[in-house]
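Asker:
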Amino acid sequence: MPRYAKVELTDTRCLRAKAKQNKKTGVLQQTYEWDSLIHGFALRITIHRNPKTGEVKQGNKIFCMKYLAPAAEGKKRKQSWLRLGAYSGPESLKHAREKAEAARKKLEDFLDPKVEAKKHLLIPTLAEYTITFLEAQKVRLRTGSYKPAKAMLEGLVVPVLGDLRLPDVQTSHVSQLFRDVSRGWRPGMKPSEKPAKATPIRANRMLANLRKLFSQAEKDGLRPQGTNPCVLVEKNPESKGQERFLSMVEIAWIGKMLKESLLWGDRDACPYAWNAKGKGLEVPSVYALAAIRLLMFTGARLNEVLQMQWSQVDKARGVIRIERHKTSGKSGPKELPLNSATLAILEALDKLPTRKLGGPWVIQGHKHGEHLVNLQKTWDRIRRAVGLASRGGVNIKDVRLHDLRHTFASIGVGAGISLHQVGDLLGHAQASTTHRYAHLDVDPRLQASETISTLTAEALG
8 MPRYAKVELT DTRCLRAKAK QNKKTGVLQQ TYEWDSLIHG FALRITIHRN
58 PKTGEVKQGN KIFCMKYLAP AAEGKKRKQS WLRLGAYSGP ESLKHAREKA
108 EAARKKLEDF LDPKVEAKKH LLIPTLAEYT ITFLEAQKVR LRTGSYKPAK
158 AMLEGLVVPV LGDLRLPDVQ TSHVSQLFRD VSRGWRPGMK PSEKPAKATP
208 IRANRMLANL RKLFSQAEKD GLRPQGTNPC VLVEKNPESK GQERFLSMVE
258 IAWIGKMLKE SLLWGDRDAC PYAWNAKGKG LEVPSVYALA AIRLLMFTGA
308 RLNEVLQMQW SQVDKARGVI RIERHKTSGK SGPKELPLNS ATLAILEALD
358 KLPTRKLGGP WVIQGHKHGE HLVNLQKTWD RIRRAVGLAS RGGVNIKDVR
408 LHDLRHTFAS IGVGAGISLH QVGDLLGHAQ ASTTHRYAHL DVDPRLQASE
458 TISTLTAEAL G
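Number 51 in the working numbering belongs to position 44 of the sequence shown; there are no gaps in the numbering.
#1: Nearest to Y11 by CA position, among A348, F48, H427, is which residue?
#2: Ignore the nearest five residues each way along the sequence and tell me which others in A298's own chain have a CB closer than 6 angstroms to its CB.
#3: By how many angstroms is the C-alpha of K242 removed from the C-alpha of I54?
#4: Quick one: what's V63 bridged to in DSSP?
#5: Does the segment 250–260 touch the segment 218–225, meaning 3 or more C-beta pairs lie closer than 8 angstroms?
#6: To the nearest angstrom, how far is it from the Cα of M264 to the Cα of I389?
#7: Relative to the C-alpha of A283, which residue among P291, V290, R274 is closest?
#8: Just the Cα atoms here: how many angstroms apart are Y153 and G399?
#9: Helix, strand or coil for W386 per DSSP?
#10: Would you give the residue range spanned by the beta strand (DSSP E) that S87 belongs to?
#11: Less than 8 angstroms between the C-beta atoms of F304 and A348, yes or no?
#12: Is the distance from the Cβ of N216 to the Cβ of A156 below 8 angstroms?
#13: Could you check the C-alpha separation between R193 and G430 for me, to the nearest Å?
#14: Starting from the C-beta of Q28, find all residues in its chain whose C-beta is less than 8 angstroms away, skip the five residues before and the five after it, and write them out in chain order.
#15: Out of G421, D387, G423, point me to the one whose CA is closest to V5's CA.
#16: Just the Cα atoms here: how many angstroms apart are L301 and L364?
#17: With 16 as the cutoff for other CB atoms within 10 Å, does G419 come out buried or exposed?
#18: Shortest alpha-carbon distance to V167 belongs to which of E289, L141, E142, L133?
#19: What is the rounded straight-line gap between the Cα of K374 and the Cα of E245?
#20: Let me check one thing: in DSSP terms, what residues is C277 bridge-paired to?
#21: Which residue from G376, N235, P58, A396 puts its Cα closest to that of G287?
#22: Could you pull out every residue in the same chain whose Cβ sits closer than 6 angstroms to the Cβ of D18, ignoring the five residues on either side in sequence?
#23: R111 to P120, Cα distance in whole Å?
#24: When you compare only the Cα positions, how much space is there between A6 and L309?
#25: Whole angstroms is fine: what's the gap from V393's alpha carbon to V293's?
#26: Quick one: what does DSSP say E330 is sitting in, helix, strand or coil?
#27: Can you give me the start and stop residues for the alpha helix (DSSP H) that T150 sits inside?
#28: Could you check the C-alpha separation between F185 and Q144 for me, to the nearest Å?
In structure tokens, the structure reads:
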């Protein structure tokens, strides 16, 4: 049976504790310093015997717990020992006491802490579970979402927290890692090395992926429910930037450049495309130009256009069906209406001599059998050409590819189409996302108000 002690086990007692001599033989023997607060909790002072000389010396100091293990009804309870770690200072005593308290709680629930500790060892480490988690995410996520998630978890989280078992990861661990990544730290940096720049957005993305991992771990029964260590970590503030909507004049200039870009190689036809050194703008591929047009005519996201496959085009139903997209987990498959402008673009691409070289992809890339990956270079040239051709009269340098989606929505709202319909076309999972375009509906109301006020003014003379 564990002994009852009258004195609390303190750091001073642990520091001064020594192995005592046997009263009969006078030889050093294994000794225990018992704790008065937790029954059975003790510091064990071991001995070391030299096999050659037989000399006995004091060995290590180890925290342990002696208890009677729970037994089935009708069977005798047996004495058992639980190792709680070596003594190395005040912190080690604190951790050992916490483990002893947890073991006592398990005993109160008729659980053997030693058996439960062995079960705990069967729970995967964060590094092991990350592999399993990413395998599942590879099926669920789009490539554009999977690769960043994989990079965040394997590149930032696993090198730091990978050795911890899932239930052992605490909010303090995640919080410290989040702060480090926010200031620009990355694995492999030397202690004296200063981060090149702060990376708060990167830290936010890492936190989001890690939170998702622990939520899945709770569902899998590998952590107690409601113990996600990421929940209490506040993410860094983010600025979404100002949304840009193209005017009809700007759209007209973009259309002009999309047509003339194939002639940029001819200096006489497009002198604005050439500089004083005799170097002209690179002529873009017909697939890159088609991708920009599709973005403008459908309001689709960039990857939805670049990764579009011919099998998704359903001419019979008049839609482009997208199974996997940003909000497919909430709203399911998305269907883009196959309007006449979009249909004309697809039919033109279908008739190209290179149609079969791209395999299943509508927007072919530079490599055989792959889709286009980078549309930004072509868009940069189009923006630059607009400024050159208009002699600085039209400036769209600040217009991003994603702003073409915003423009699609703004034109729809300005034409009197309801926010609900616009949100449905864009594939928004929540109506609140579409409300950012609500202010664009002011113009029709202003026009109506202007008409009424004009008539009233005329009546008043």
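Here a beta-carbon is modelled for each residue, glycine too, at the ideal position from N, C-alpha and C.
Answerer: For this structure:
#1: Checked all of A348, F48, H427; the closest Cα to Y11 is F48.
#2: Annotation for A298: V312, I370, L382 place their beta carbon closer than 6 angstroms to its own, counting only its chain and skipping 5 residues before and after.
#3: Cα to Cα, I54 sits roughly 51 angstroms from K242.
#4: Listed as beta-bridge partners of V63 by DSSP are R56.
#5: The count of Cβ pairs closer than 8 angstroms, one atom from the segment 218–225 and one from the segment 250–260, stays below three, leaving the stretches out of contact.
#6: Roughly 6 angstroms separates the two Cα atoms.
#7: Closest option to A283, Cα to Cα, is R274.
#8: The C-alpha of G399 is placed about 41 angstroms away from the C-alpha of Y153.
#9: In the structure shown, W386 adopts helical secondary structure according to DSSP, grouped into three states.
#10: Annotation: the continuous beta strand (DSSP E) that includes S87 extends over 86–93.
#11: Here F304 is near A348, since their CB atoms are less than 8 angstroms apart.
#12: Cβ distance < 8 angstroms, so N216 and A156 count as in contact.
#13: Answer to the nearest angstrom: the Cα atoms are 39 angstroms apart.
#14: Excluding positions up to five away in sequence, the list reads V34, L35, Q36.
#15: With the chain covering 8 to 468 only, the question about residue 5 has no answer from this structure.
#16: As the crow flies, the alpha-carbon of L301 is around 21 angstroms from that of L364.
#17: It counts as buried.
#18: Distance check between V167 and each of E289, L141, E142, L133 places L133 closest, using alpha-carbon atoms only.
#19: Rounded to the nearest whole angstrom, the CA to CA distance from K374 to E245 is 36 angstroms.
#20: In the DSSP secondary-structure assignment, C277 is not bridged to any residue.
#21: That would be A396, whose Cα lies nearest to the Cα of G287.
#22: Apart from sequence neighbours up to five positions away, the residues of its chain that approach D18 with a beta-carbon distance below 6 angstroms are P97, L100, ordered along the chain.
#23: Distance between the alpha carbons of R111 and P120 is about 8 angstroms.
#24: Since the first residue of the chain shown is 8 and the last is 468, residue 6 is not available in this structure.
#25: Distance between the alpha carbons of V393 and V293 is about 18 angstroms.
#26: It is coil, neither helix nor strand.
#27: Here the alpha helix (DSSP H) through T150 covers 150–159.
#28: Going by the C-alpha atoms only, they are around 22 angstroms apart.
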